[in-house]
Amino acid sequence: MRKRFIAGNWKMYKTTVEASSLARALAAEFGGLTDRRVMVAPPFTALTAVREALAGSPILLGAQNAAAELEGAHTGEVSPRMLRDVGVAVVILGHSERRHVYGETDALVNRKVKLALAEGLEVILCVGETLDERQAGVTEKVVGGQVRAGLAGVASLAGVTIAYEPVWAIGTGRNATPEDADAVHRTIRGIVAGLYSPAAAEALVIQYGGSVKPDNAAALMRMANIDGALVGGASLKAETFVPIVRFDR
Ligand code: 13P
Numbered sequence: 384m385r386k387r388f389i390a391g392n393w394k395m396y397k398t399t400v401e402a403s404s405l406a407r408a409l410a411a412e413f414g415g416l417t418d419r420r421v422m423v424a425p426p427f428t429a430l431t432a433v434r435e436a437l438a439g440s441p442i443l444l445g446a447q448n449a450a451a452e453l454e455g456a457h458t459g460e461v462s463p464r465m466l467r468d469v470g471v472a473v474v475i476l477g478h479s480e481r482r483h484v485y486g487e488t489d490a491l492v493n494r495k496v497k498l499a500l501a502e503g504l505e506v507i508l509c510v511g512e513t514l515d516e517r518q519a520g521v522t523e524k525v526v527g528g529q530v531r532a533g534l535a536g537v538a539s540l541a542g543v544t545i546a547y548e549p550v551w552a553i554g555t556g557r558n559a560t561p562e563d564a565d566a567v568h569r570t571i572r573g574i575v576a577g578l579y580s581p582a583a584a585e586a587l588v589i590q591y592g593g594s595v596k597p598d599n600a601a602a603l604m605r606m607a608n609i610d611g612a613l614v615g616g617a618s619l620k621a622e623t624f625v626p627i628v629r630f631d632r
């Protein structure tokens with residue numbers, strides 16, 4: 384059985400004080416949570432404050448990006464080793480905002496994935512098509528290409544989660560229907576079965592992301608291939624993130 388994995392991506396929101404206050408509220412809610420995994424990914428500047436606020440809580444500390452190098456003359460970058468150093472367990476890589484706003488290529492994302500895994504971080508590899516690509520009928524080709532390229536040279540999927548985030552559904556209030564999302568998740572699982580093994584595909588946790596809210600989380604998560612969520616806007620407040628994590632309660 385795949386364990387549900389619900390992650391909050393706080394993007395470029397929250398000061399250290401705001402971040403620790405939200406983290407404390409979530410830690411108080413999810414003290415005894417064992418049947419699902421929960422993660423929050425604050426901005427780099429708030430990682431330490433959030434780690435302290437989450438002390439003793441099962442909530443995982445995530446980061447939103449990592450460099451493809453361990454150290455060196457890379458102004459403005461943060462390496463996976465530095466993330467480990469401040470207590471990060473999981474890193475989001477290849478988010479569509481990194482790909483489309485900051486020009487990250489599949490090849491760069493793949494280098495980041497391999498280095499982060501080698502440094503002992505778990506990885507959430509994000510994939511997803513744009514509206515133009517969906518309308519052109521190439522969703523599965525695009526997403527499949529991102530999965531294959533992102534995982535190239537990755538020997539084992541231990542520590543890898545995939546997040547399917549259709550770009551047109553992010554921050555738009557326009558989410559994919561549960562059936563549409565599930566179809567893409569099924570395609571991803573099929574590709575992974577071919578690349579690795581049917582057992583690895585069966586064990587792979589695939590999150591859906593893009594306008595996940597308290598009122599649509601249950602319907603999405605009910606689908607056979609949707610194992611969790613990567614939540615943006617609705618993860619910024621306990622009152623919307625908590626019911627998403629407890630979608631089935
Ligand atoms: P929204 O939930 O705000 O659409 O963002 C989704 C996302 O990009 C999570 O990584």
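Position 145 of the sequence shown, counting from 1, maps to 528 under our numbering, and the rest follow consecutively.
Don't be surprised by glycine CBs; every beta carbon is placed ideally from N, CA and C.
Going by Cα to Cα distance, which pick from Thr398, Gly486 and Leu444 is closest to Arg467?
Leu444
Among Ala607, Val492 and Asn392, which one has its Cα closest to the Cα of Lys386?
Ala607
Alpha-carbon spacing of Val567 relative to Ser462, whole angstroms:
31 Å
Find out if the Cβ-Cβ distance for the pair Glu512, Val550 is shorter than 8 Å.
Closer than 8 Å, so yes.
Ignoring anything shorter than 4 residues, give me the alpha helix (DSSP H) runs that lie fully in the region 424-497, in order along the chain.
The qualifying runs are 430-436, 463-468 and 479-483.
Can you tell me where the beta strand (DSSP E) with Ala617 in it begins and where it stops?
Where Ala617 is concerned, there is no enclosing beta strand (DSSP E), given that its DSSP letter is neither H nor E.
Leu498: buried (16+ other C-beta within 10 angstroms of its C-beta) or exposed?
buried
Determine whether the beta carbon atoms of Gly536 and Val510 lie at a separation below 8 Å.
no
Determine the extent of the beta strand (DSSP E) in which Ile553 is found, giving its start and end residues.
No beta strand (DSSP E) contains Ile553, which DSSP labels as neither H nor E.
With a threshold of 8 Å on Cβ separation, who are the neighbours of Val433 within its own chain once the five nearest residues in sequence on each side are excluded?
Ala402, Ser403, Ala406, Val423, Pro425 and Leu444
For the beta strand (DSSP E) that Gly391 lies in, which residues bound it at each end?
Here the beta strand (DSSP E) through Gly391 covers Arg387 to Asn392.
Just to confirm, does His483 get its C-beta within under 7 Å of one of the non-hydrogen atoms of ligand 1?
No, Cβ of His483 sits at least 7 Å from all heavy atoms of ligand 1.
Give the range of the alpha helix (DSSP H) segment to which Val506 is assigned.
Taken as a continuous stretch (DSSP letters only), Val506 belongs to no alpha helix (DSSP H), being part of the beta strand (DSSP E) at Glu505 to Val510.
Taking 6 Å as the limit, name every residue whose beta carbon sits nearer than that to some heavy atom of ligand 2, in sequence order.
Here the bound small molecules are ligand 1; ligand 2 is not part of this structure.
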